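*Asks:* Residues in the sequence shown are numbered from 1 upward in steps of one, following UniProt numbering.
Submitted below is the structure of interest, expressed as structure tokens.
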Amino acid sequence: MKSARILIIFPLVFLIFLNKVSNGQDDIYFPLDTERAEGENCRRSDGVAGTCRRVENCQRSVRHLRDEDFCSFSGRMAIYCCPNSAPRLGTSEIPITSVDELCEAFYPRQQPHYNILITGGRKSLANQHPYMAAIGWRDFDGEIQWRCGGSVVSRKFVLTAAHCTMVRRARPDIVRTGDLNLRITENNTHPVDHDIIGIYVHPEYRANSVYHDIALLKISPNFGISPTNQPACLWSSNNIPVSELTALGYGTTEYSGPDVEILYEVEIPVLSNQACRIELPPSRSLPFGIIDGQMCALDPNGQKDTCQGDSGGPLQFSNNVGGRRRPTIVGITSFGQYCAGPSPGIYTRVSAYLNWIEPILLSDL
């Protein structure tokens with residue numbers, strides 16, 4: 001048996017030795033007959049024309065690159081056959097298969113910079129967050145009560161918290177986009193009202209629960225897309241690349257205070273789940289403690305936080321990709337004990353629910 005193992009292993013070692021390429025590098029790989037250099041034209045395995053590019057310059061998301069689309073190495077950097085154009089909505093040439101590619105369709109890398117996400121202020125500016133949505137309930141007399149927030153994430157869907165889909169035994173029926181002040185129409189704003197024609201609640205969410213607090217609202221008419229009016233992107237990694245995130249909301253600015261119904265924003269430091277579990281151990285209201293599908297944020301000075309009426313709104317950052325800034329949602333405002341109190345605010349972690357989000361979002365573009 002020992003000699004048989006040697007006979008099997010020896011050809012593999014010999015093959016590696018013959019196929020090692022030095023060039024002053026330590027990389028070991030197997031050159032292919034079809035190896036192509038960076039910048040060369042190529043054709044992808046899905047039949048789409050492309051160009052061999054470094055991964056970070058590829059239009060297609062890294063997690064959807066295929067082994068058969070590999071071109072070569074440039075030093076230690078992998079070169080892949082990348083499509084020559086970003087995915088386009090409504091076409092089958094490059095089918096959109098992930099929220100990363102959907103974001104690429106809304107924010108192509110070659111276009112000028114629009115909709116740069118500005119942080120650090122309090123009151124938001126006109127057209128700064130066009131994807132921000134207010135979720136409302138119509139009274140019997142036609143008045144609208146705005147009780148939650150949300151984020152437009154495609155032409156047809158708004159992302160929000162599951163507990164925002166049922167308030168006082170009533171379903172929401174209206175979404176407003178493009179507004180800064182829900183009481184009056186301010187200059188330079190063009191609010192649009194959308195009917196809610198479908199509600200998708202995560203199957204594991206339970207009423208009065210703090211877990212799996214995520215939902216999608218289908219709206220009509222569709223969200224109008226233009227160079228300055230685009231949906232937000234969704235962050236697909238559990239790792240958060242920034243130490244502070246920006247929360248948006250139309251809610252109150254103090255605990256038990258009056259509703260201001262004006263779009264405000266605030267930067268809040270991110271708290272690791274490990275640290276948050278220490279701050280919020282399992283309790284009657286949090287029986288399983290903080291789970292992987294949640295995340296926390298806490299201002300150590302107790303001055304910044306989300307508040308009542310902010311539920312369902314985004315926790316986000318400005319992601320610079322290919323020279324263009326993209327508003328990217330990491331979390332959804334879920335719950336907290338007090339506004340800017342000593343306890344962390346709890347948010348639904350978007351990346352933990354992409355397997356549920358993507359089939360709904362991408363099946364109806």
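Glycine included, every Cβ here is placed at the ideal spot set by N, Cα and C.
Being a predicted model, the structure only gives us computed values, none of them experimental.
(1) Who are the Cβ neighbours of Ala37 in its own chain at under 7 Å, not counting the five residues just before and after it?
(2) Name the DSSP bridge partner or partners of Lys218?
(3) Which same chain residues end up closer than 7 Å to Arg183 when comparing Cβ atoms and leaving out the 5 residues on each side of it in sequence?
(4) Based on the DSSP secondary-structure assignment, which residues constitute the bridge partners of Arg349?
(5) Any contact of the stretch 203-217 with the stretch 157-166, i.e. 3+ C-beta pairs under 8 Å?
(6) What would DSSP say about Gln230, mapped onto helix, strand or coil?
(7) Can you check the stretch 261-294 for any alpha helix (DSSP H) of at least 4 residues that lies completely inside it and give the ranges in chain order?
(8) Can you tell which of Leu234, Tyr347, Ser283, Asp299 has the C-alpha that lies nearest to the C-alpha of Val152?
(9) Output the distance between the C-alpha atoms of Arg147 and Ile225, rounded to the nearest integer angstrom.
(10) Measure the alpha-carbon distance for Pro42 versus Glu101 and round it to whole angstroms.
(11) What did DSSP end up calling Phe140 once you bin it into helix, strand or coil?
(12) My output table needs one value for Glu104: the three-state DSSP class, helix, strand or coil.
(13) How about Pro172 and Ile199: are their beta carbons less than 9 Å apart?
(14) Write down the C-beta distance between Gly293 and Arg349 rounded to the nearest angstrom, noting that I regard them as a contact closer than 8 Å.
(15) Can you pull the DSSP bridge partners for Leu248?
(16) Could you check where the alpha helix (DSSP H) with Asn238 kicks off and where it finishes?
(17) Just to confirm the assignment, what range does the beta strand (DSSP E) spanning Leu315 have?
(18) Once DSSP output is grouped into helix, strand and coil, what is the label at Val167?
(19) In the DSSP assignment, the beta strand (DSSP E) including Ile225 goes from what residue to what residue?
(20) Span of the beta strand (DSSP E) holding Ile174?
(21) Looking at Ile135: is its Cβ nearer than 9 Å to the Cβ of Leu362?
(22) What does the Cβ neighbour count give for Gln274, buried or exposed, with the cut at 16 atoms within 10 Å?
(23) Do Leu180 and Leu263 come within 9 Å of each other at the CB atom, strictly closer than that value?
(24) Out of curiosity, what's the CA-to-CA distance linking Cys164 and Phe317?
(25) Tyr80 bridges to which residues according to DSSP?
(26) Does DSSP put residue 399 in a helix, a strand or coil?
(27) Straight-line CA distance for Ala105 to Asp364?
(28) Is it buried or exposed for Arg326, if we count other Cβ within 10 angstroms and need 16 for buried?
(29) Alpha carbon to alpha carbon, what distance is there between Leu298 and Glu244?
(30) Among Asp69, Cys81, Glu68, Arg54, whose alpha-carbon lies nearest the alpha-carbon of Gly75?
(31) Evaluate Asp310 with the Cβ neighbour count: other Cβ atoms within 10 Å of its Cβ, from every protein chain shown; 16 or more gives buried, anything less gives exposed.
(32) Within the present structure, is the beta-carbon of Ala133 separated from the nearest heavy atom of the ligand HEM by less than 8 Å?
(33) Quick one: what's got a C-beta closer than 8 Å to Ala170's C-beta in the same chain, skipping five residues either side?
(34) Rounded to a whole number of angstroms, what is the C-alpha to C-alpha distance between Asn115 and Gln128?
(35) Thinking Ala162 and Val210 are a contact (beta carbons under 8 Å), I'd like their distance in whole angstroms, please.
(36) Is it buried or exposed, Pro281, if we count other Cβ atoms within 10 angstroms and call 16 or more buried?
*Replies:* On the basis of the coordinates in this document:
(1) On the sequence shown, position 37 is the one that residue 37 refers to. Closer than 7 Å at the Cβ level, and outside the excluded window around Ala37, lie Cys52, Ser72.
(2) What you label residue 218 is simply residue 218 of the sequence shown in a count that begins at 1. Paired residues: Phe157, Gly198.
(3) Taking the sequence shown and counting its residues from 1, one reaches residue 183 at position 183. The residues are Glu261.
(4) As a first step, residue 349 is located in the sequence shown; it is residue number 349 there, counting from the start. Per DSSP, Gly331.
(5) yes
(6) Here residue 230 refers to the residue found at position 230 when the sequence shown is read from its first residue. If DSSP states are grouped into helix, strand and coil, Gln230 belongs with coil.
(7) 273-279
(8) As a working mapping, residue 152 is identified with position 152 in the sequence shown. Cα-wise, what sits closest to Val152 is Leu234.
(9) Counting from 1 along the sequence shown, the entry for residue 147 is found at position 147. Counting from 1 along the sequence shown, the entry for residue 225 is found at position 225. When rounded, the distance between both Cα atoms is 25 Å.
(10) In the sequence shown, counting from the first residue as 1, residue 42 sits at position 42. In the sequence shown, counting from the first residue as 1, residue 101 sits at position 101. The sequence given here has Cys at residue 42, not Pro. Roughly 20 Å between the two C-alpha positions.
(11) As a working note, residue 140 is residue 140 in the sequence shown. Here Phe140 sits in coil by DSSP.
(12) Translated into positions along the sequence shown, residue 104 becomes position 104. Note: Glu104 maps to helix in three-state DSSP.
(13) Working through the sequence shown from its first residue, we reach residue 172 at position 172. Working through the sequence shown from its first residue, we reach residue 199 at position 199. Going by C-beta atoms, Pro172 is nearer than 9 Å to Ile199.
(14) For the purposes of this step, residue 293 is taken as residue 293 along the sequence shown, with counting starting at 1. For the purposes of this step, residue 349 is taken as residue 349 along the sequence shown, with counting starting at 1. Right, the Cβ-Cβ distance comes to about 6 Å (below 8 Å), so this counts as a contact.
(15) Working through the sequence shown from its first residue, we reach residue 248 at position 248. Looking at the DSSP assignment, Leu248 forms a beta bridge with Glu265.
(16) Position 238 of the sequence shown, counted from the first residue, corresponds to residue 238. It is not in any alpha helix (DSSP H) - Asn238 carries neither H nor E in the DSSP assignment.
(17) As a working mapping, residue 315 is identified with position 315 in the sequence shown. Note, Leu315: beta strand (DSSP E), 314-321.
(18) As a first step, residue 167 is located in the sequence shown; it is residue number 167 there, counting from the start. Strand, per DSSP.
(19) What you label residue 225 is simply residue 225 of the sequence shown in a count that begins at 1. Neither: Ile225 is in no beta strand (DSSP E) and is coded neither H nor E.
(20) Taking the sequence shown and counting its residues from 1, the one referred to as residue 174 is at position 174. Taken as a continuous stretch (DSSP letters only), the beta strand (DSSP E) holding Ile174 covers 174-177.
(21) Walking along the sequence shown from the start, residue 135 turns up at place 135. Walking along the sequence shown from the start, residue 362 turns up at place 362. Not a contact, by the Cβ cut-off of 9 Å.
(22) For the purposes of this step, residue 274 is taken as the residue at position 274 of the sequence shown. Its Cβ having fewer than 16 others within 10 Å, Gln274 is exposed.
(23) Residue 263 sits at position 263 when you count from the first residue of the sequence shown. Residue 180 sits at position 180 when you count from the first residue of the sequence shown. Yes.
(24) Position 164 of the sequence shown, counted from the first residue, corresponds to residue 164. Position 317 of the sequence shown, counted from the first residue, corresponds to residue 317. For Cys164 and Phe317, the distance between alpha carbons rounds to 23 Å.
(25) Looking up residue 80 in the sequence shown gives position 80. Arg53, Phe70, per the DSSP bridge assignment.
(26) Absent from the model: residue 399. The displayed extent of the chain is 1 to 365, so no value can be given.
(27) Position 105 of the sequence shown holds residue 105. Position 364 of the sequence shown holds residue 364. Using only the alpha carbons, I get a separation of about 15 Å.
(28) Along the sequence shown, one-based indexing puts residue 326 at 326. Counting Cβ neighbours within 10 Å, Arg326 comes out buried, since at least 16 surround it.
(29) As a working note, residue 244 is residue 244 in the sequence shown. As a working note, residue 298 is residue 298 in the sequence shown. Taking the straight line from one Cα to the other gives about 10 Å.
(30) On the sequence shown, residue 75 is found 75 positions in, with the first residue counted as 1. Of the listed residues, the one whose Cα sits closest to Gly75 is Arg54.
(31) Position 310 of the sequence shown holds residue 310. Under this definition Asp310 is a buried residue.
(32) With respect to small molecules bound, the structure shown includes none, and the ligand HEM cannot be examined in it.
(33) Along the sequence shown, one-based indexing puts residue 170 at 170. Taken in chain order, the residues that qualify are Trp137.
(34) Reading the sequence shown from its first residue, position 115 is the one you call residue 115. Reading the sequence shown from its first residue, position 128 is the one you call residue 128. Here the model assigns Asn115 a pLDDT of 28, short of 50, so the residue's position is not dependable and the matter cannot be decided.
(35) Counting from one through the sequence shown, the residue named residue 162 turns up at place 162. Counting from one through the sequence shown, the residue named residue 210 turns up at place 210. The pair is not a contact, with the Cβ atoms about 10 Å apart (cut-off 8 Å).
(36) Residue numbering aside, residue 281 sits at position 281 when the sequence shown is read from its first letter. Classification for Pro281: exposed.
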